[in-house]
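Q: Chains as they are written, first to last, in the numbering used here: chain E, 2 to 389; chain B, 40 to 294. Glycine included, C-beta positions come from ideal geometry on N, C-alpha and C.
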Amino acid sequence: MGSKFVRDESTFVETSEDSASLRLFLSGEWTLQNLPDIESSLKSVKALKHPAKKIELDVSGISLIDTAGMILFVQTRNDLRKKIRKQNVVVRGVRANSEFSKMFRLVYRHMKGEALPEVHQRHPFIAFFEHIGRRFFEALDSMLLFFDFIGRTYAALWRDLTHFSFRIREISNLVKKTGVSSLPIIGVTTFLIGVVIAFQSAVQLQQYGANIFIVEIVSIAIARELSPIITSIVVAGRSGSAFTAQLGAMKITEELDAMTVMGFDIFQFLILPRTLALIIVLPLLIFFGDIVGIFGGMLVAKFQLGITPMSFVERLHKVFAMRHFYAGLIKGPFFAATIAAIGCFRGLQVTRDTESIGRQTTFSVVNSIFMVIIIDAVFSIIFTELGI
Amino acid sequence: MKRALIQVRDLVTQFGERVIHDGVNLTIYEGEIYGILGGSGSGKTTILRELITLQHPKSGKIEVLGQDISKAPHEAMRKLRNKWGVLFQFGALFTSLTIGENIAVKLKEYTRISDSLIKDIIATKLEMVGLDLSVASLYPSELSGGMIKRAALARALAMDPRLLFLDEPTSGLDPISAEQFDNLIVQLKNLLRLTIVMVTHDIDSIFSVVDRMAVLGDKKVVAEGSINEVAQTDHPFIRQFFGGNRAMIRRKHGK
Chain E
2 MGSKFVRDES TFVETSEDSA SLRLFLSGEW TLQNLPDIES SLKSVKALKH PAKKIELDVS
62 GISLIDTAGM ILFVQTRNDL RKKIRKQNVV VRGVRANSEF SKMFRLVYRH MKGEALPEVH
122 QRHPFIAFFE HIGRRFFEAL DSMLLFFDFI GRTYAALWRD LTHFSFRIRE ISNLVKKTGV
182 SSLPIIGVTT FLIGVVIAFQ SAVQLQQYGA NIFIVEIVSI AIARELSPII TSIVVAGRSG
242 SAFTAQLGAM KITEELDAMT VMGFDIFQFL ILPRTLALII VLPLLIFFGD IVGIFGGMLV
302 AKFQLGITPM SFVERLHKVF AMRHFYAGLI KGPFFAATIA AIGCFRGLQV TRDTESIGRQ
362 TTFSVVNSIF MVIIIDAVFS IIFTELGI
Chain B
40 MKRALIQVRD LVTQFGERVI HDGVNLTIYE GEIYGILGGS GSGKTTILRE LITLQHPKSG
100 KIEVLGQDIS KAPHEAMRKL RNKWGVLFQF GALFTSLTIG ENIAVKLKEY TRISDSLIKD
160 IIATKLEMVG LDLSVASLYP SELSGGMIKR AALARALAMD PRLLFLDEPT SGLDPISAEQ
220 FDNLIVQLKN LLRLTIVMVT HDIDSIFSVV DRMAVLGDKK VVAEGSINEV AQTDHPFIRQ
280 FFGGNRAMIR RKHGK
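#1: Does chain B have any CB closer than 8 Å to the CB of Q76(E)?
#2: Going by the DSSP bridge assignment, what does L145(E) pair with across the sheet?
#3: When the cut-off is 8 Å and only beta carbons count, does V7(E) lie next to chain B?
#4: I'd like to confirm the pairing. Which residues does DSSP put opposite Y68(B) in its beta bridges?
#5: So who's on the other strand from E140(B), going by DSSP bridges?
#6: Could you pull the DSSP bridge partners for M17(E) from this structure?
#7: So V366(E) and A224(E) are in contact, right, with Cβ under 8 Å, and what is the actual spacing, rounded?
#8: Say whether chain B places a C-beta atom closer than 8 Å to the C-beta of R353(E).
#9: Do you know how far the Cα of T52(B) is from the Cα of I138(B)?
#10: Step through the CB atoms of chain B and report whether any lies within less than 8 Å of the CB of E256(E).
#11: Whole angstroms are fine: how far does the CA of G105(B) sit from the CA of A246(E)?
#12: So the candidates are I287(E), K103(E), E57(E) and N89(E); which of them puts its Cα closest to the Cα of L65(E)?
#13: Rank E119(E), G298(E), F289(E) and Y327(E) by C-alpha distance to the C-alpha of A314(E) and give the top, closest one.
#14: State the start and end residues of the unbroken beta strand (DSSP E) segment that holds R93(E).
#15: If you measure beta-carbon to beta-carbon, which residues of the stretch 199 to 211 of chain B are closer than 9 Å to chain E?
#16: Among the candidates S183(E), F147(E), I215(E) and A222(E), whose CA atom is the shortest distance from the CA of R316(E)?
#17: Where does K266(E) fall in DSSP's three states?
#18: For T254(E), count neighbouring C-beta atoms within 10 Å of its own C-beta (all shown protein chains included) and say buried if the count is 16 or more, exposed if not.
#19: Just by C-beta distance, which residues in the stretch 268 to 287 of chain E are closer than 8 Å to chain A?
#20: Does the beta-carbon of E15(E) have 16 or more other beta-carbons within 10 angstroms, so that it is buried, or is it exposed?
#21: On the three-state DSSP scale, how would you describe I389(E)?
#22: Just checking: is the beta-carbon of G185(B) within a distance shorter than 8 Å of some beta-carbon in chain E?
#23: Listed in chain order, which residues of the stretch 165 to 176 of chain B have Cβ atoms closer than 8 Å to some Cβ of chain E?
#24: Hey, is L104(B)'s beta-carbon within less than 8 Å of any beta-carbon in chain E?
#25: I'd like to know if M251(E) contacts chain B, where contact means its C-beta is closer than 8 Å to some C-beta of that chain.
#26: Which residues, in order along the stretch 141 to 156 of chain E, keep a beta-carbon less than 9 Å from a beta-carbon of chain B?
#27: List, in chain order, every chain B residue whose beta-carbon is nearer than 7 Å to that of V108(E).
#28: Candidates H240(B), T209(B) and D273(B): which alpha carbon is nearest G80(B)'s?
#29: Does the Cβ of K252(E) have 16 or more other Cβ atoms within 10 Å, making it buried, or fewer, making it exposed?
#30: What does the alpha-carbon distance come out to for the pair F364(E) and S180(B)?
#31: Give the range of the beta strand (DSSP E) segment to which T234(B) is assigned.
#32: Considering Cα atoms alone, identify which of Q207(E), R96(E), V293(E) and N212(E) is closest to T190(E).
#33: Restricting to runs no shorter than 4 residues, where is the alpha helix (DSSP H) found entirely within the stretch 299 to 373 of chain E?
#34: Within the continuous beta strand (DSSP E) that includes A211(E), where are the two ends?
#35: Helix, strand or coil: which one does DSSP assign to K5(E)?
#36: Considering only DSSP beta bridges, list what E166(B) is partnered with.
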């Protein structure tokens with residue numbers, strides 16, 4: 002029958018039509034890399050609304066076929082079968098036990114003609130409310146879990162206190178990691194903050210000739226508010242996120258589960274040491290920030306306002322009440338506990354997919370900075386009321 | 040004469056001071072299922088990783104599909120990577136994609152075929168590896184270990200590769216699933232004219248699936264060939280391996 006076909010290497014589908022039937026002569030290599038071309042040459046066949054009464058698919062020209070090619074073939078055949086009576090779609094040119102028939106059997110057995118289940122799409126309006134509802138309950142869940150977490154941490158603290166079995170080595174190690182190693186970055190940030198504050202106030206003070214008041218402004222602002230806040234933000238970004246990532250990775254690799262079944266309580270072994278280390282470290286870092294920040298102010302006072310370091314320190318001694326210093330320092334442990342708790346909690350919330358580590362780390366930093374600022378606001382109300 | 044698809048010559052691998060391979064030679068022919076065996080720490084997985092260019096040997100030559108993979112330019116490597124599929128030991132499915140998307144990821148990236156065909160390919164490959172179609176919309180974290188393995192095999196097969204690398208394909212599967220998996224591999228090999236390289240410990244797989252094998256020991260290949268050829272080699276590991284209870288039962292009952 003082949004004489005009227007013009008065989009061409011690059012065509013995969015030849016059609017010939019007479020009054021009774023439509024013949025499709027399929028040829029070439031029906032493999033994945035040729036499929037885009039084969040699909041486009043089948044387009045015209047697929048577009049047929051009312052095909053001929055009888056359709057013959059001649060596959061004798063197919064020299065090579067892979068599963069993807071066979072899937073396309075079966076798909077096409079099933080398509081045609083839906084349009085005309087099943088028996089009228091005939092496949093010709095199949096030799097028994099040929100590659101083609103083997104492949105057909107393999108693929109056909111596994112192609113049940115079912116489509117992949119579609120993901121159910123809701124109306125956008127409903128989806129919007131569904132989203133809000135879902136988020137609300139997620140937030141509620143996560144809040145309850147957080148309370149549970151806090152409770153467990155206290156329980157672990159109680160066990161440690163009653164048995165007096167603090168993990169000193171672990172804690173001191175963490176003090177080094179979260180404290181000593183963060184001195185440079187905290188030094189630089191608080192120094193710059195001190196410089197900036199001093200510069201801004203210097204311009205205003207000069208107008209009134211009230212140069213010497215720079216001492217009060219810088220020292221009180223740094224000691225009460227800026228050093229605690231800036232230090233906590235740096236620690237949240239540096240150590241809080243590290244806690245989340247560490248615990249999250251340990252959760253994914255099932256290290257946490259391994260510890261639990263070996264009888265190592267993760268709250269006692271991992272979370273409490275981190276929390277205590279941060280509680281020890283943060284006031285010290287705040288103190289360090291105070292000194293460096295005020296030093297930055299002192300430099301500006303010297304070069305901008307001509308106040309010598311001698312007279313700066315003298316004035317500082319006279320006007321700087323220790324309550325300002327304590328007011329800043331006392332916030333340290335509270336901020337530290339918050340950062341550590343959120344960091345560890347978020348780490349435990351990590352699930353088995355890799356994306357969640359990133360998500361939880363972001364949450365950890367954002368939540369802890371937010372909470373630090375809220376707690377700071379609460380403290381300033383309390384201090385104002387108490388007249389500190 | 041059968042064509043050699045993979046040739047490894049005088050391979051030396053070293054991690055720091057530790058020498059893993061010292062002059063390994065392998066030849067893998069077209070159309071066979073080739074097993075890489077050896078005790079723990081003998082560098083089986085390392086060889087596999089070197090074949091798929093995830094690790095680089097200290098010296099030696101590796102030719103895959105006629106391409107010297109240490110010298111191949113970027114574009115040639117890209118083409119080569121499209122001709123093989125890899126099943127990692129723990130699946131290594133992308134956790135942020137659904138199973139369906141995992142299977143389709145290379146099809147979407149490297150071919151221009153229509154979405155409806157991609158969907159049918161996903162469905163067929165899922166069905167081939169014995170997974171339910173509803174799995175397509177699930178994420179890897181929602182599947183069991185065995186299902187992940189099957190899904191990963193479906194992904195490895197998505198592009199109809201000529202070469203399939205399997206890292207311990209049946210480990211972590213129950214015996215029935217493992218046997219099904221083995222049967223599936225043989226069937227796919229015959230139908231898709233695949234050449235399969237697998238690292239395995241599974242005695243059953245070695246007897247029922249593997250055509251030829253290499254046994255690693257003492258940083259070298261201590262034996263290479265069919266099971267009968269290998270079993271005759273006198274080496275402590277081989278005696279231990281094929282002299283164990285499980286292997287004896289298999290040998291009495293034939294292949």
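A: This is what the structure gives:
#1: yes
#2: Looking at the DSSP assignment, L145(E) forms no beta bridge with any residue, so it has no partner.
#3: In this predicted model, V7(E) has a pLDDT of only 44, less than 50, meaning its place in the structure is not dependable enough to derive any value.
#4: A43(B)
#5: None, per the DSSP bridge assignment.
#6: Reading off the sequence, residue 17(E) comes out as Ser, not Met. Paired residue(s): R24(E).
#7: At roughly 25 Å, the Cβ-Cβ gap does not stay under 8 Å, so V366(E) and A224(E) are not in contact.
#8: So yes, R353(E) belongs to the interface.
#9: 35 Å
#10: no
#11: Distance between A246(E) and G105(B), taken at the CA atoms: about 44 Å.
#12: K103(E)
#13: Residue identity check: residue 314(E) is Val in the sequence provided, not Ala. When only C-alpha atoms are compared, the closest one is G298(E).
#14: V90 to R93
#15: D199
#16: I215(E)
#17: Reading off the sequence, residue 266(E) comes out as Asp, not Lys. Reduced to three states, the DSSP call for D266(E) is coil.
#18: exposed
#19: Chain labels in this structure do not include chain A; the protein chains are E and B.
#20: buried
#21: Coil.
#22: Not one chain E Cβ lies under 8 Å of G185(B).
#23: Cβ contacts with chain E come from E166, M167, L172, S173, A175 and S176.
#24: no
#25: Any Cβ of chain B closer than 8 Å to the Cβ of M251(E) would place that residue at the interface, and such an atom is absent.
#26: none
#27: T163
#28: H240(B)
#29: buried
#30: 21 Å
#31: T234 to V238
#32: V293(E)
#33: 310 to 320 and 323 to 349
#34: Per DSSP, A211(E) belongs to no beta strand (DSSP E) and is neither H nor E.
#35: Its pLDDT being 41, under 50, K5(E) is placed unreliably by the model, and the measurement read from it follows with that caveat. Three-state DSSP puts K5(E) in a helix.
#36: Answer is none; E166(B) lacks a bridge partner.
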